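Quick note: the first sequence, position 200, residue 200 per this note's numbering, numbers continuous. Using N, Cα and C, we set each Cβ at its ideal position, and we do this for glycine too. Everything numeric in this text was worked out from a predicted model, so none of it was measured.
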Amino acid sequence: MPELPEVQTVVSTLQPRVEGKRLARVDLKRPDIVRPRGFDLERALRDRTISVIARRGKRILFTLETGEQWYIHLGMTGRLTVESPAAEIAKHTHFIATLAPGGQELRFRDPRRFGGIFWIGTEQTESNLGPEPLGLRPAQLAKRLAQTRRAIKSALLDQNLIAGLGNIYVDESLFLARIHPLAASNELKTEQVARLNRAIKQTLRRAIRHRGSTLRDYVDANGAGGGFQLKHRVYDRAGEPCRTCRGPIERIVLGGRSTHFCPRCQRRAKR
DNA sequence: GTCCATGTTCTTTA
DNA sequence: CTAAAGAACATGGA
């Protein structure tokens, strides 16, 4: 569910309700979602105050008043919401923190458990996470894409190459840039990379404006779904007419992921 | 029962 | 050796 626009929306809706609040009670129902394994998260968070919530790639990064940091990754089905303590506790809720003042609860739910809670602490450990796509310059993107011969689709899914894109927004960005998903990353022309860089930013900005895409699980911190799924040009539209040329959208499997594109609008470079 | 799913990481293959 | 492809993880919905 969560790519950059969804994670950004969660962060934006979380900020006014959680920043400055103290974690008065912390109830970790599934210790195995915490990394490193065996880390005593309840003890580390109890009575701490959250000063800042931010997004880095698909991570929701929390900074405590102590300067210590930790983050939540939503995986595929994760939800991070602020709810009334009276609200029913949904199945697969793994973490509940009571916020003070106010008594509202910060809850993390993740049926598939591909997500998790990651303690960083205060160490300045190097992260391999790639640069943020918004604010990325074309020359920087070109340099990174030149380092691999993989299909551009696979390259853009690599969080170490560029952080925050997932299956939906890679397909949408490639369509907007009119680049075939199987095109070799290192063979893209300068002009194509420039177009791709613009397409990624435009796609992400539009998606954020529409509060993300809700296909199944995704909701923001207030429990509200997004609306960008209605604007998808190719994702999950196999067989439907291209919004540009009316030809049918094609679906292929690439790197184990379903990939959607318009074979007419996204021609492969002749070689 | 089958297939598929917004993600990441470990293993296998080339 | 490295890069890339494939499998695995866990649950639920169509």
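Give me, in chain order, the residues of the same chain whose beta-carbon lies closer than 7 Å to that of residue i; leave out the 5 immediate sequence neighbours on both sides.
i, result
"residue 218", "1, 2, 6, 212, 225 and 226"
"residue 13", "220, 221 and 222"
"residue 243", "233"
"residue 30", "94"
Excluding the five sequence neighbours on either side, which residues of its own chain have a C-beta within less than 6 Å of the C-beta of residue i, listed in chain order?
i, result
"residue 83", "105 and 107"
"residue 98", "24, 25 and 105"
"residue 208", "5 and 8"
"residue 78", "110 and 115"
"residue 174", "181"
"residue 81", "107, 221 and 223"
"residue 257", "167"
For residue i, is the classification buried or exposed, using 16 other Cβ atoms within 10 angstroms of its Cβ as the cut-off for buried?
i, result
"residue 177", "buried"
"residue 266", "buried"
"residue 40", "exposed"
Going by DSSP, what residue range makes up the beta strand (DSSP E) through residue i?
i, result
"residue 71", "69-73"
"residue 117", "116-121"
"residue 27", "22-28"
"residue 175", "Element bounds for residue 175: not the beta strand (DSSP E) but the alpha helix (DSSP H), 167-177."
"residue 52", "50-56"
"residue 99", "93-100"
Let's see if you can read the secondary structure: which residues bound the alpha helix (DSSP H) around residue i?
i, result
"residue 190", "190-209"
"residue 139", "138-145"
Looking only at DSSP bridge pairs, what is residue i linked to?
i, result
"residue 83", "105"
"residue 258", "253"
"residue 34", "117"
"residue 16", "DSSP lists no partner for residue 16."
"residue 61", "54 and 71"
Residues in its own chain within less than 8 Å of residue i by CB, not counting five upstream and five downstream?
i, result
"residue 250", "238, 260, 261, 262 and 263"
Quiz item: Is the segment 230-237 in contact with the segment 15-35, if contact means three or more CB pairs nearer than 8 Å?
Solution: No: the two stretches stay apart, fewer than three of their Cβ pairs being nearer than 8 Å.
Quiz item: Using 8 Å as the Cβ pair cut-off and three pairs as the minimum, do the segment 161-171 and the segment 129-143 touch?
Solution: Yes, since at least three Cβ pairs between the segment 161-171 and the segment 129-143 fall closer than 8 Å, the two stretches touch.
Self-check item: Contact between the segment 191-202 and the segment 138-156 (3+ Cβ pairs under 8 Å)
Solution: Touching, per the Cβ criterion.
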